[in-house]
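Visitor:
In this note's numbering, the protein residues as written are 2 to 204.
(1) Please say whether residue 184 and residue 155 have beta carbons closer to each other than 8 Å?
(2) Buried or exposed: residue 33, going by 16 or more other Cβ atoms within 10 Å of its Cβ?
(3) Who are residue 36's beta bridge partners in DSSP?
(4) Short check: CB of residue 88 to CB of residue 118, under 8 Å?
(5) Verify whether the separation of the beta carbon atoms of residue 101 and residue 46 is less than 8 Å.
(6) Within 10 angstroms of its Cβ, does residue 90 collect 16 or more other Cβ (buried), or is it exposed?
(7) Counting Cβ pairs closer than 8 Å, one from the stretch 157-176 and one from the stretch 139-147, do we hit at least three?
(8) Is the stretch 103-111 in contact with the stretch 188-204, if contact means three or more CB pairs nearer than 8 Å?
(9) Take residue 207 and list the residues in its own chain whose beta-carbon comes closer than 6 Å to its own, dropping the five residues that flank it on each side.
(10) With distances taken between CB atoms, is the gap from residue 143 to residue 122 smaller than 8 Å?
(11) Which of helix, strand or coil does DSSP assign to residue 189?
(12) Assign residue 181 to one of three DSSP states: helix, strand, or coil.
(13) Would you identify the three-state DSSP class for residue 7, choosing helix, strand or coil?
In C-alpha cells, the structure reads:
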C-alpha cells in the first residue's frame, strides 16, 4: 500500500513539473515584446515596448496627399495577422493614398523605419472616372478619366467625412483608381485618418 502511495505521489510530482515546463514553454512562444508607437503626421516614431500575444510584430506606413498637403504616418505594435502584407494604393484626381503593413517574427523585431514599396508606374490598361471635390458629400460629377497603373485595377468612388492626420476635418467626394487591398481593408489600415461618416463607397 505504501509503495502505491509513493508511486502516486511521484507521478503527481512529475505531472506538476511537466505542466510547469509546458506552461513556461507556451509563455515563451506566445508572449513577446514589440516596439510600439504612433505618429500620425510624421515619420519619426517615439518607441516604447509592449507585450504581445503570439510571436509577431508589425510596422504600418501610410502616405496621404489630399490635394494641398502631404501626410506621412507610421505605426508600430503587435501584429494583426489579417493585415500582414497588405499594400494599398489609390490615385484620385489630385489625391494619393498608399499604405504598407510589414510583419516580422521575434522579440522586438519591428525596428523598421518609415518606408513604402516603390510605385509601379506601368499602365495596366484600366481607366476610371477621375474626380475630387471637397466640403461636400454629394457625388462629384466628372467627365475626366484617369489611366490606372501597377496593381490599381479597380475604380474607386468614395464620399465621406474624415479627420485628417493633422486633426482637421474634411468632407471628400472622390473618384479614381484603386487596388484590391485598398478595397478590402479601406480604413482598417488608415493609421493617420479617422472616418467619421461614410456616405458611399464603391470599389
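Here a beta-carbon is modelled for each residue, glycine too, at the ideal position from N, C-alpha and C.
Guide: On the basis of the coordinates in this document:
(1) yes
(2) buried
(3) 50
(4) In contact: residue 88 and residue 118 (Cβ atoms closer than 8 Å).
(5) no
(6) Residue 90 is buried by the Cβ-count criterion.
(7) Touching, yes, given that three or more Cβ pairs across the two stretches are closer than 8 Å.
(8) no
(9) The structure shown does not extend to residue 207, since the chain is modelled only from 2 through 204, so no value can be given for it.
(10) no
(11) Residue 189 carries a helical assignment under DSSP once its states are collapsed to helix, strand and coil.
(12) helix
(13) Since pLDDT at residue 7 reaches only 46, below the 50 mark, its modelled position is unreliable, and the value read off the structure follows with that caveat. Three-state DSSP puts residue 7 in a helix.
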